[in-house]
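Participant: Residue numbers (numbering that gives the first Met the number 0), protein chains in the order written: chain A, 0 to 129; chain B, 0 to 268.
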Amino acid sequence: MMVKRKMSQEITTETEPLAIEETTSSESKLRKNLEEIKTHEGVIGYIFRNSKSAAIDLKDPTKIIDYAVLSSSSIETGEELSELFDLGQIKNVVVEGKEAKVLSLVDNQNRISIFTEKNIDIAKLIKKLS
Amino acid sequence: MANETYDLALESTLTEIQNICPDITHTFMFNEEGKIITNQKTPKKTISRIVASFEGMFEKAKAIGGFDYMALEASKGRVYVTKINDIHLVTVTSKKADIQFIDTVTRIIVPAVLRLLEKISPTPLKKLAEITEEKHEPEIIEETEEPAEEVSTEKQEEETVESEFQTEPQTHQLMVENLSGGFLGGLLVSSDTVNIDSTILTQWEELYENQKIEEVEIETFHGKTIRCKVKPIKDSKYDGKGVIQMPEKIQQALEIRKGELVRVKPIIY
């Protein structure tokens with residue numbers, strides 16, 4: 000629900016990442032990293048959310064809903080796989096499509112999805128965020 | 000026959016994947032229609048839940064051009080989902096698994112096996128997946144009305160592929176058929192002899208410089224092997240059908256039954 004609320008607002012603001020409710024210092028650091036990553040060539044944008052706040056910043060605002068849904072779905076699928084095979088806490092999920100790919104990370108309460116073009120080295124992004 | 004071959008070959012591939020890499024804890028395949036191919040090491044209930052979960056994912060992955068690959072890293076292990084044609088290969092590994100090696104297996108070796116299977120038989124992999132759930136329904140020769148032309152094409156392709164592997168003794172995949180003694184209740188059947196196509200025997204004899212083939216090694220897809228004497232099929236009904244007539248005693252020893260596939264190769268002295 001929170002994501003939807005944010006998304007509709009994001010469409011109106013378009014260029015600026017939208018933050019909802021208060022942020023903590025660790026979140027600030029994470030978001031700073033995301034902002035930096037977003038400037039890298041081939042990075043399409045990111046979605047950040049936790050129980051208190053959320054932010055979406057994508058180059059193409061028309062894809063916000065599709066990307067947000069994919070972000071949730073990839074993490075949920077990852078969690079289900081982890082539960083079924085007893086793999087413990089999930090760290091990250093990478094889903095590659097024919098045109099782009101998404102890296103989703105779970106860090107405590109924070110869930111982050113970074114959308115990139117196909118040729119981007121995801122391992123570097125993971126390293127940057129960890 | 001072709002479908003059964005696919006079925007067994009893929010199951011065998013999954014087993015071999017786990018054999019070569021013990022860090023792979025589970026591996027199975029499914030297609031987007033939800034059909035499953037498994038080597039039975041992963042409970043079907045678990046797989047069904049995963050397939051259902053992926054159905055949603057595939058739909059949503061259209062946002063990035065359609066699903067191609069997924070990698071999950073968790074604290075105690077990893078999961079890789081690779082799309083190969085219409086099939087998705089799921090590989091679950093322990094934390095210590097060699098990522099490079101897993102990547103080679105899932106992205107190079109398995110696709111190569113699937114391509115080879117497609118080359119051997121033109122049957123679409125989609126159809127293979129469909130029959131997998133039905134689980135080894137024995138094919139009844141009499142009811143198969145395949146045109147002779149189609150059978151010969153299949154044979155030609157089999158021979159073409161086999162010619163690429165001439166260093167190994169020439170192996171044939173044959174379907175098990177009961178060998179009984181008819182009215183005499185088995186009195187005329189030797190319990191240590193199997194019957195195969197005379198053309199295969201002739202082919203082997205020509206290949207191995209006219210050496211008479213008197214024994215063969217039979218291997219099941221579960222890895223059991225046995226050596227026994229061989230003679231040509233006498234019953235014209237089975238000649239040229241790609242079957243191996245086998246006495247019940249040998250079937251029991253190999254833990255197989257009529258309708259299953261086995262690999263047969265000549266014993267060369």
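Even for Gly, the Cβ is constructed at its ideal location relative to N, Cα and C.
1. CA-CA distance, R262 of chain B and H87 of chain B?
2. Interface residues of chain A around E15 of chain B at Cβ under 9 Å?
3. On the DSSP bridge assignment, give the partners of R262 of chain B in chain order.
4. Whole angstroms are fine: how far does the CA of K117 of chain A sit from the CA of L13 of chain B?
5. Which residue wins for smallest C-alpha separation from M28 of chain B, given the options B:V89, B:D238, B:I107, B:Y237?
6. Mind checking the segment 75-98 of chain B against chain A and listing, in chain order, the residues whose C-beta falls within less than 8 Å of any C-beta there?
7. Would you mind telling me which residues of chain A sit closer than 7 Å to K59 of chain B, beta carbon to beta carbon, in chain order?
8. Can you give me the start and stop residues for the alpha helix (DSSP H) that A122 of chain A sits inside?
9. Residues of the segment 22-45 of chain B in Cβ contact with chain A at a cutoff of 8 Å, in chain order, please.
10. Taking contact to mean 3 or more Cβ pairs, one atom from each stretch, closer than 8 Å, check whether the segment 40-51 of chain A and the segment 84-93 of chain A are in contact.
11. Apart from the five residues on each side of it in sequence, which residues of its chain come closer than 8 Å, Cβ to Cβ, to V175 of chain B?
12. Given 8 Å as the limit, tell me if S50 of chain A has its C-beta closer than that to any heavy atom belonging to the ligand ZN.
13. Quick check: what's the CA-CA separation for V112 of chain B versus Q99 of chain B?
14. Does the segment 82-91 of chain A come close enough to the segment 76-84 of chain B to have 3 or more Cβ pairs within less than 8 Å?
15. Starting from I89 of chain A, find everything on chain B with Cβ-Cβ shorter than 9 Å and list it in chain order.
16. Residues of chain A with CB closer than 8 Å to the CB of I49 of chain B, please, in chain order.
17. Please compile the residues from chain A whose C-beta is within a distance smaller than 7 Å of the C-beta of Y68 of chain B.
18. Leaving out five residues on either side along the sequence, give the residues of the same chain with a beta carbon under 7 Å from the beta carbon of D56 of chain A.
19. Mapping the DSSP letters down to three states, classify K100 of chain A as helix, strand or coil.
20. Strictly below 8 Å CB to CB, what residues from chain B border L86 of chain A?
21. Note down the Cα distance separating E101 of chain B from N18 of chain B, rounded to an integer number of angstroms.
22. Suppose only complete runs of 3+ residues qualify. What are the beta strand (DSSP E) ranges in the segment 225-262 of chain B, listed by chain order?
23. So, for G41 of chain A: in the same chain, excluding its five sequence neighbours on each side, which residues have a beta-carbon less than 7 Å away from its beta-carbon?
24. At a Cβ threshold of 9 Å, is G181 of chain B touching chain A?
25. Check each candidate in B:V104, B:I225, B:D196, B:I108 and name the one with the smallest Cα separation from K233 of chain B.
Facilitator: Quick look at the numbers:
1. One-based indexing of the second sequence puts residue 262 of chain B at position 263. One-based indexing of the second sequence puts residue 87 of chain B at position 88. Cα-Cα distance, rounded: 27 Å.
2. In the second sequence, residue 15 of chain B corresponds to position 16, counting from 1. Per Cβ cutoff of 9 Å: no residues; E15 of chain B is ~21 Å from chain A at best.
3. By 1-based counting over the second sequence, the position of residue 262 of chain B is 263. R262 of chain B pairs with B:Q172, B:E218.
4. Here residue 13 of chain B corresponds to residue number 14 of the second sequence, with the count starting at 1. Here residue 117 of chain A corresponds to residue number 118 of the first sequence, with the count starting at 1. One C-alpha to the other measures close to 29 Å.
5. The sequence position of residue 28 of chain B within the second sequence is 29, counting from 1. Of the listed residues, the one whose Cα sits closest to M28 of chain B is B:V89.
6. K75, G76, R77, V78, V91
7. By 1-based counting over the second sequence, the position of residue 59 of chain B is 60. Going along chain A in sequence order, the residues near K59 of chain B (Cβ under 7 Å) are V68, L69, S72.
8. What you label residue 122 of chain A is simply residue 123 of the first sequence in a count that begins at 1. First-last of the alpha helix (DSSP H) with A122 of chain A: 121-128.
9. T24, H25, T45
10. no
11. Within the second sequence, numbered from 1, the residue matching residue 175 of chain B stands at position 176. Hits under 8 Å: V242, I243, M245, Q250, I255, R256, K257, G258, E259, L260, V261.
12. In the structure on display, the ligand ZN does not appear, and there are no ligands present to speak of.
13. Along the second sequence, one-based indexing puts residue 112 of chain B at 113. Along the second sequence, one-based indexing puts residue 99 of chain B at 100. Answer to the nearest angstrom: the Cα atoms are 19 Å apart.
14. yes
15. As a first step, residue 89 of chain A must be located in the first sequence, where it is residue number 90. Those are L71, E72, A73, S74, listed as they occur along chain B.
16. Stepping through the second sequence from its first residue, residue 49 of chain B is reached at position 50. Simply E79, L80, L83.
17. Position 69 of the second sequence, counting from 1, holds the residue named residue 68 of chain B. Per Cβ cutoff of 7 Å: E95.
18. Within the first sequence, residue 56 of chain A is the residue found at index 57, counting from 1. Excluding residues within five positions, the ones whose Cβ falls inside 7 Å are P16, K37, G44, Y45.
19. Walking along the first sequence from the start, residue 100 of chain A turns up at place 101. Three-state result, K100 of chain A: strand.
20. To locate residue 86 of chain A, count along the first sequence from 1; it is residue 87. Chain B residues near L86 of chain A: L71, A73, S74, K75, G76, R77, V78, V91.
21. Walking along the second sequence from the start, residue 101 of chain B turns up at place 102. Walking along the second sequence from the start, residue 18 of chain B turns up at place 19. Residue 101 of chain B is actually Ile in this sequence, not Glu. Approximately 13 Å between the Cα atoms of the pair.
22. 242-245
23. To locate residue 41 of chain A, count along the first sequence from 1; it is residue 42. For G41 of chain A, where only same-chain residues beyond five positions count, the Cβ hits under 7 Å are T115, E116, N118, I119.
24. Position 182 of the second sequence, counting from 1, holds the residue named residue 181 of chain B. Bear in mind that the predicted position of G181 of chain B carries a pLDDT of just 48, short of 50, making it unreliable; the figure below should be weighed with that in mind. It does not: the Cβ of G181 of chain B has no partner Cβ on chain A nearer than 9 Å.
25. To locate residue 233 of chain B, count along the second sequence from 1; it is residue 234. Here the closest residue by C-alpha is B:D196.
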